[in-house]
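First to last, the protein sequences are chains A and B.
Numbering-wise (the working numbering), the first sequence opens with residue 59 and increments by one.
Numbering-wise (the working numbering), the second sequence opens with residue 7 and increments by one.
Backbone N, C-alpha and C define an ideal beta-carbon position, used for all residues, glycine too.
Computed from a predicted structure; not experimentally measured.
Okay, so here's the structure we're looking at.
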Amino acid sequence: MSGRRRGSRAPWIIILVLVTALAAAGTILYRIYPEYQRLRTQETTPGSEAADPEYATPSKDGPKPVVARLYFARIVEGQQRMVAISRELPAGLPPAQAALEELLRGEVPRGCDRPLPRGTELHSVRVADGVALADFSKQLASGFRGGSDNEGVTIYAIVNTLTTLPGIDGAQILIEGEPIQEIGGHLYLGEPLAFDDELVVPHP
Amino acid sequence: MSGSVTVWRGRRPRLATVGVVCSVLVFAAQTAGWAARAITRVDIRPGAGKTVLALFTADEQRLEATSFSLQDPPRLVFDFPGATLDPDLPLEIPVVAPALRAIRLGQFSVEPDIARLVVDLSEQRLPPSWEITAGVEPGETLIVLRQPGPVLLAPPNTEIVHGVSVVRIPGVAQLRRSTATLTDPPRVYADLTDAVLEEGYREEFSAGAIREIRMAQQPADPEHPIARIVLELREEQAHIVFADGPDLILAVGPQPWALPLARHQADNRLEGKRIVIDPGHGGDDIGAPAKFGSPPGGPFEKDLVLEIGHRLAKLLKAEGAQVSMTREDDTYIGLTERAALANHQKAHALISIHCNSCDTPNTLQGTSVYWDHQHSRGFAQLVQRELIAALATDDKGVRNANFAVIRRAKGPGILVETAYINHDGDRARLVHPNFQERAARAILQGLISFLSAEHHGVESGQ
Numbered sequence: 059m060s061g062r063r064r065g066s067r068a069p070w071i072i073i074l075v076l077v078t079a080l081a082a083a084g085t086i087l088y089r090i091y092p093e094y095q096r097l098r099t100q101e102t103t104p105g106s107e108a109a110d111p112e113y114a115t116p117s118k119d120g121p122k123p124v125v126a127r128l129y130f131a132r133i134v135e136g137q138q139r140m141v142a143i144s145r146e147l148p149a150g151l152p153p154a155q156a157a158l159e160e161l162l163r164g165e166v167p168r169g170c171d172r173p174l175p176r177g178t179e180l181h182s183v184r185v186a187d188g189v190a191l192a193d194f195s196k197q198l199a200s201g202f203r204g205g206s207d208n209e210g211v212t213i214y215a216i217v218n219t220l221t222t223l224p225g226i227d228g229a230q231i232l233i234e235g236e237p238i239q240e241i242g243g244h245l246y247l248g249e250p251l252a253f254d255d256e257l258v259v260p261h262p
Numbered sequence: 007m008s009g010s011v012t013v014w015r016g017r018r019p020r021l022a023t024v025g026v027v028c029s030v031l032v033f034a035a036q037t038a039g040w041a042a043r044a045i046t047r048v049d050i051r052p053g054a055g056k057t058v059l060a061l062f063t064a065d066e067q068r069l070e071a072t073s074f075s076l077q078d079p080p081r082l083v084f085d086f087p088g089a090t091l092d093p094d095l096p097l098e099i100p101v102v103a104p105a106l107r108a109i110r111l112g113q114f115s116v117e118p119d120i121a122r123l124v125v126d127l128s129e130q131r132l133p134p135s136w137e138i139t140a141g142v143e144p145g146e147t148l149i150v151l152r153q154p155g156p157v158l159l160a161p162p163n164t165e166i167v168h169g170v171s172v173v174r175i176p177g178v179a180q181l182r183r184s185t186a187t188l189t190d191p192p193r194v195y196a197d198l199t200d201a202v203l204e205e206g207y208r209e210e211f212s213a214g215a216i217r218e219i220r221m222a223q224q225p226a227d228p229e230h231p232i233a234r235i236v237l238e239l240r241e242e243q244a245h246i247v248f249a250d251g252p253d254l255i256l257a258v259g260p261q262p263w264a265l266p267l268a269r270h271q272a273d274n275r276l277e278g279k280r281i282v283i284d285p286g287h288g289g290d291d292i293g294a295p296a297k298f299g300s301p302p303g304g305p306f307e308k309d310l311v312l313e314i315g316h317r318l319a320k321l322l323k324a325e326g327a328q329v330s331m332t333r334e335d336d337t338y339i340g341l342t343e344r345a346a347l348a349n350h351q352k353a354h355a356l357i358s359i360h361c362n363s364c365d366t367p368n369t370l371q372g373t374s375v376y377w378d379h380q381h382s383r384g385f386a387q388l389v390q391r392e393l394i395a396a397l398a399t400d401d402k403g404v405r406n407a408n409f410a411v412i413r414r415a416k417g418p419g420i421l422v423e424t425a426y427i428n429h430d431g432d433r434a435r436l437v438h439p440n441f442q443e444r445a446a447r448a449i450l451q452g453l454i455s456f457l458s459a460e461h462h463g464v465e466s467g468q
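Laid out in structure tokens, this is it:
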């Protein structure tokens with residue numbers, strides 16, 4: 059009797075254990091798969107913005123639109139400042155490249171100015187280990203018109219736009235493929251810079 | 007054997023008696039002033055509302071003291087009977103306090119020994135009150151000099167120089183002040199803290215920018231009376247405020263910053279301080295130009311800031327500071343090298359000098375000072391205040407920025423944006439030698455205020 063009972067109980071226990079294991083594995087996969095996907099597509103470590111619903115995450119299923127924060131120059135109460143606006147980036151380009159192209163060529167919000175010197179071209183942006191390396195043409199330095207806040211706005215429009223994209227914690231500016239020291243005598247550009255909102259004012 | 011023992015026993019009480027008698031005699035001699043007590047150290051401890059002089063003796067006994075005040079020149083005298091001065095003590099100690107000029111030490115008499123300490127007082131101030139108390143440490147005697155009374159305000163002298171009305175208020179340059187403008191009718195006023203008027207003052211003028219000058223006591227904290235001087239103008243005009251030696255000057259009229267300046271009266275106020283001046287840009291880096299284009303049109307930022315830098319260096323040296331410049335001529339220096347120099351020198355302060363600019367000419371103007379590390383914030387505020395008062399430029403305030411020179415400097419460091427080189431009005435100022443000199447003097451004054459406030463802060467924190 060007891061032997062038969064044991065025999066009849068054993069398959070149930072095995073099924074229960076299997077179901078539990080499958081459920082656990084499913085849960086774990088469900089949780090880590092998006093991270094895995096993100097890491098695969100971006101080759102970066104996830105930033106703190108990953109959970110922000112404002113940022114759509116591109117996936118293999120097809121390009122979902124990325125909404126970026128773009129920083130434009132604006133004069134507020136006689137001071138050179140910048141404002142941030144949210145804009146959906148056009149599909150087909152890596153978000154970092156698309157965002158910088160918006161600064162250079164996209165629509166300028168009313169009352170604002172383009173933050174980069176006229177004639178500046180973006181050669182490339184690549185992201186590695188959370189740091190974006192943005193390579194511009196020489197006009198970024200030669201076309202810069204001087205001034206302390208002006209320099210802050212030019213540099214941090216680039217840095218802030220890049221570092222508010224997911225997976226980018228720092229940004230370094232290159233000119234014609236080479237690292238540079240400075241463009242205007244105030245900010246040191248020989249190393250990556252982090253997000254800085256000192257010159258950012260609310261967009262009216 | 008026993009006899010010798012008896013002899014010893016008989017001697018002991020006698021030795022004890024001799025010892026007691028000697029002790030009594032020494033004690034009596036000390037209290038009677040026969041044996042001199044040496045003063046070995048005098049510390050000066052500035053504090054809020056008071057200055058404390060701490061005297062220490064070699065034998066760690068407190069000093070007897072008598073005190074009185076004398077006039078012509080005003081001074082306080084403290085006599086210490088039974089005391090001599092250690093020959094290593096200085097004869098005179100300069101004092102950083104508004105109402106005190108110096109402390110002098112001397113041996114008033116020998117046998118009886120009387121050491122004397124004299125506190126020389128400012129003639130413009132009412133004398134401080136004082137008390138003599140025991141300090142915490144053994145043999146520490148304290149002389150506490152409490153906040154002196156306010157300055158008695160004298161009537162101003164007014165003259166017209168190059169179309170600018172120049173109002174000189176004697177003896178109040180070092181007072182805390184705030185100035186502002188009012189409209190309908192246009193007025194400029196200055197509030198002077200710790201100043202009193204014997205009677206109200208009012209004078210009308212038939213020529214120049216000023217129609218009338220009034221002085222009156224303001225309702226305020228009775229401990230810190232405020233006197234207000236009001237300049238009523240015929241029409242709105244620029245005004246500047248600056249110190250000329252002990253006097254305060256208010257100048258109103260067209261381009262007041264272009265007024266000639268009296269020779270700077272140096273007073274060794276920065277002795278032993280290491281200051282690094284960093285004129286921005288240089289060499290191939292022209293900084294901001296006056297006119298954009300290819301090629302850009304001068305004057306260039308690099309030349310104007312070098313000129314102001316040289317003027318500041320001269321003033322600092324006159325005040326006894328050890329001055330280094332990141333560049334003394336038209337050469338380019340990298341951003342990191344500039345801060346490295348200040349760090350290598352362990353500079354008490356780093357001052358980077360620039361001209362501002364913006365993309366569109368004639369849109370922005372004014373003066374601002376940047377700081378990065380928190381310990382430089384007050385420094386920036388003091389320099390900004392002096393610059394605005396002295397230059398009559400738009401006040402763009404102080405701002406935090408991670409500019410390389412001030413970020414990498416370990417000690418206090420500021421970056422001064424004197425004015426906008428691509429604004430016609432500002433540029434007319436920047437190229438004027440008297441404006442450059444005023445900018446340098448304003449930076450100097452802010453630096454002196456910062457370093458003396460820092461000194462006080464450290465002392466009162468003990």
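(request) Note down, in chain order, every chain B residue with its Cβ under 7 angstroms from the Cβ of A:Y246. (result) L341, T342 and A410
(request) Provide the residue(s) that pair with B:K297 in DSSP beta bridges, ordered along the chain. (result) B:G303
(message) Determine whether the beta carbon atoms of B:R43 and B:Q67 lie at a separation below 8 angstroms.
(response) yes
(message) What would DSSP say about A:S106, mapped onto helix, strand or coil?
(response) At A:S106, the pLDDT of 43 sits below 50, so the modelled position is not reliable and the matter cannot be decided from this model.
(message) Taking 8 angstroms as the threshold (C-beta atoms), are B:R447 and B:A395 in contact?
(response) no
(request) Anything in chain A within Cβ reach of B:E423, meaning under 9 angstroms, just list it in chain order. (result) G205, S206 and D207
(request) Using 10 angstroms around the beta-carbon of A:P111, count the other beta-carbons present and answer buried if the total reaches 16, otherwise exposed. (result) At A:P111, the pLDDT of 44 sits below 50, so the modelled position is not reliable; the number obtained from the coordinates is stated separately. Label assigned to A:P111: exposed.
(request) Please check if any C-beta of chain B sits within less than 8 angstroms of the C-beta of A:I133. (result) yes
(message) Rounded to the nearest angstrom, what separates B:V422 and B:E70 at their Cα positions?
(response) 53 angstroms
(request) Could you name the residues of chain B that A:E249 contacts, counting a contact when the two beta carbons are closer than 9 angstroms? (result) The contacting residues do not exist; A:E249 stays about 10 angstroms from chain B at best.
(message) Is there a C-beta anywhere in chain B that falls below 8 angstroms from the one on A:D171?
(response) yes
(request) Run the CB neighbour count on A:T78, radius 10 Å, all protein chains shown included, and call it buried at 16 or more, exposed below. (result) exposed
(request) Would you be able to state if there are at least three C-beta pairs under 8 angstroms between the segment 177-185 of chain A and the segment 139-150 of chain A? (result) no
(request) Keeping to the same chain, check which residues put their C-beta closer than 6 angstroms to that of B:L123; ignore five residues upstream and five downstream. (result) F84 and L111
(message) For B:Q224, count the other beta carbons within 10 Å of its own beta carbon; 16 or more makes it buried, fewer makes it exposed. Which is it?
(response) exposed
(message) Can you give me the C-alpha to C-alpha distance between B:T369 and B:L151, rounded to a whole angstrom?
(response) 53 angstroms
(request) Please report how far the alpha carbon of A:S206 lies from the alpha carbon of A:P153, in whole angstroms. (result) 29 angstroms
(request) Give the residues of chain A in contact with B:N362, contact being defined as C-beta atoms less than 7 angstroms apart. (result) G205 and S206
(request) Measure the CB-CB distance between B:R413 and B:D378 and report whether it falls below 8 angstroms. (result) yes
(message) 8 angstroms is my cut-off, CB to CB: does A:E256 come that close to chain B?
(response) yes
(message) Distance cutoff 8 angstroms, beta carbons only. Does B:A296 sit that close to anything in chain A?
(response) no
(request) Within the same chain, show all residues whose beta-carbon is closer than 8 angstroms to that of B:L276, passing over the 5 residues directly before and after it, in chain order. (result) L322, E325, G326, A327, L453, I454 and L457
(request) Starting from B:T185, follow its DSSP beta bridges and name the residues at the other end. (result) B:A196
(request) Quick one: using the 10 Å Cβ neighbour count with 16 as the cut-off for buried, is B:H350 buried or exposed? (result) exposed
(request) Tell me whether A:A192 counts as near the ligand GDP, meaning its Cβ is closer than 7 angstroms to at least one heavy atom of that ligand. (result) The ligand GDP is not among the ligands present in this structure, which contains no ligands whatsoever.
(message) Run through the DSSP bridge pairs and tell me what A:S144 is partnered with.
(response) A:R127
(request) Would you mind telling me which residues of chain B sit closer than 7 angstroms to A:Q138, beta carbon to beta carbon, in chain order? (result) C364 and L370
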